[in-house]
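Taking it in order: structure first as structure tokens, then the write-up.
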Amino acid sequence: MAVAVDIVEIGQVAASLDAFGQRYAERVFTAGEIAYAFRAPANAAARLAARFAAKEAVIKLLRPGEIGVDPRSIEVVVEADGAPGIQLTGAAARLARERKISRISVSLSHDGGYAIAAVSAEPDTVGWRSSRLCRRRHTPWTRTQR
Amino acid sequence: MDTNTEIRNILKQHAKLTADVDTLGDDADLYQAGMTSHASVNLMLALEDTFNVEFPERMLRRRLFESITSIRSAVDELKAGGS
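Taken in order, these protein sequences are the chains called Y and E.
As numbered in my numbering, residues 28 to 173 make up the first sequence, in order.
As numbered in my numbering, residues 2 to 84 make up the second sequence, in order.
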């Protein structure tokens, strides 16, 4: 199992929202992430900071090297039970398949002006390329962690 | 104003470096100089505004924003119409 963490200063996200507005938000976060964050406007910067930390932590797991990854291809989703999960699309999903990562769990927190995300990746013990069943079972790359 | 000077001005405004930009060489590692991943997003948006370009996904990688030289190379490519 691989793990990664990242930390983001909430004030920096608030400053980016002030400086670049919606363009910053829409360039980095998915529509779902933005909608969730601004459901509680007072906590929007903290929620976005935690999501940015999660994206960066997932990048550390994926080790993209010279491959470009749009931050929106790593999405923090909210599961039915309220726990956060990770959903990958595009280049991020392709990298996960290449790294034989079958599931990514995430935990988010924020306090004292900082937001942090921890993620863990579990290896695909069956093998992505050898198992259609595995591919179906793990699409769309969403798992949760309380 | 030449491109490298414009990049340096953007770095002063957006990169949140712990080092003085004026003391850094064009090949100095900006992450080693204190730039965070989040600050690199601000840097990218400011570069897009200044040079009227848009960074495509293939350019959204850490090493592209690693130095003034690598940023200059990307900006030149985008201004020349590369995508």
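All residues carry an ideal CB built from backbone N, CA and C; glycine is no exception.
Quick caveat: nothing in here was measured; it's all calculated off a predicted structure.
Interface residues of chain Y facing residue i [CB-CB closer than 9 Å]
| i | result |
| --- | --- |
| N43 (chain E) | Q39, A42, S43, A46, F47 and Y51 |
Residue range of the alpha helix (DSSP H) that includes residue i
| i | result |
| --- | --- |
| V42 (chain E) | S38 to F52 |
| A62 (chain Y) | A58 to F65 |
| L31 (chain E) | That residue, L31 (chain E), is in no alpha helix (DSSP H); it is neither H nor E in DSSP. |
| D45 (chain Y) | I37 to V55 |
| I72 (chain E) | I69 to K80 |
| L89 (chain Y) | A71 to L89 |
| E7 (chain E) | T4 to H15 |
Contact set between residue i and chain E, taken where Cβ atoms lie within less than 9 Å
| i | result |
| --- | --- |
| G95 (chain Y) | F56, P57, E58, R59, M60, L61, R62 and L65 |
| S79 (chain Y) | The amino acid occupying residue 79 (chain Y) in the given sequence is Phe; Ser does not appear at that position. By Cβ distance, chain E contributes S38, H39 and V42. |
Top-ranked residue by Cα proximity to residue i, from the options
| i | options | result |
| --- | --- | --- |
| D97 (chain Y) | Y:R130, Y:E83 and Y:A73 | Y:E83 |
| R124 (chain Y) | Y:D151, Y:S132 and Y:G109 | Y:D151 |
| I143 (chain Y) | Y:K127, Y:V55, Y:R54 and Y:A73 | Y:A73 |
| I94 (chain Y) | Y:A148, Y:A118, Y:M28 and Y:Q49 | Y:A118 |
| L58 (chain E) | Y:F65, Y:V55 and Y:A46 | With the sequence shown as reference, residue 58 (chain E) is identified as Glu, and Leu is not the correct amino acid for it. Considering only alpha carbons, the answer is Y:V55. |
| A41 (chain Y) | Y:A62, Y:A69, Y:L135 and Y:P111 | Y:A69 |
| K80 (chain E) | E:G35, E:L48 and E:I69 | E:L48 |
| R99 (chain Y) | Y:F47, Y:E53 and Y:G38 | Y:E53 |
| T57 (chain Y) | Y:V104, Y:I37, Y:E36 and Y:V85 | Y:V104 |
Boundaries of the beta strand (DSSP E) in which residue i is found, first to last residue
| i | result |
| --- | --- |
| Q114 (chain Y) | P111 to L115 |
| E102 (chain Y) | I101 to V105 |
| L61 (chain E) | Note, L61 (chain E): premise wrong, no beta strand (DSSP E); not H, not E. |
| P150 (chain Y) | Y141 to P150 |
C-alpha gap between residue i and residue j, whole angstroms
| i | j | result |
| --- | --- | --- |
| D30 (chain E) | D108 (chain Y) | 43 Å |
| R63 (chain E) | S38 (chain E) | 8 Å |
| G59 (chain Y) | T24 (chain E) | 42 Å |
| L44 (chain Y) | N53 (chain E) | 20 Å |
| R164 (chain Y) | A81 (chain Y) | Annotation note: pLDDT 36 at R164 (chain Y) (below 50); position unreliable, no value reported. |
| I128 (chain Y) | A77 (chain Y) | 22 Å |
| Q49 (chain Y) | V32 (chain Y) | 27 Å |
| G92 (chain Y) | A20 (chain E) | 26 Å |
| L18 (chain E) | L75 (chain Y) | 22 Å |
| L65 (chain E) | V42 (chain E) | 12 Å |
| R121 (chain Y) | L115 (chain Y) | 9 Å |
| R82 (chain E) | T51 (chain E) | It should be pointed out that residue 82 (chain E) corresponds to Gly in this sequence rather than to Arg. G82 (chain E) and T51 (chain E): Cα-Cα distance of roughly 16 Å. |
| W155 (chain Y) | L89 (chain Y) | Residue confidence for W155 (chain Y) is low, a pLDDT of 48 falling below 50, so the modelled location carries little weight and cannot support an answer. |
| P111 (chain Y) | L135 (chain Y) | 8 Å |
Anticipated Cβ contact below 8 Å, residue i with residue j, distance rounded
| i | j | result |
| --- | --- | --- |
| I101 (chain Y) | V133 (chain Y) | Wrong, their Cβ atoms sit about 10 Å apart, outside the cutoff. |
| S147 (chain Y) | A29 (chain Y) | 7 Å |
| V76 (chain E) | T6 (chain E) | Not a contact, Cβ separation roughly 12 Å. |
Interface residues of chain E facing residue i [CB-CB closer than 7 Å]
| i | result |
| --- | --- |
| V240 (chain Y) | Residue 240 (chain Y) lies beyond the range of chain Y shown here (28 to 173); nothing can be said about it. |
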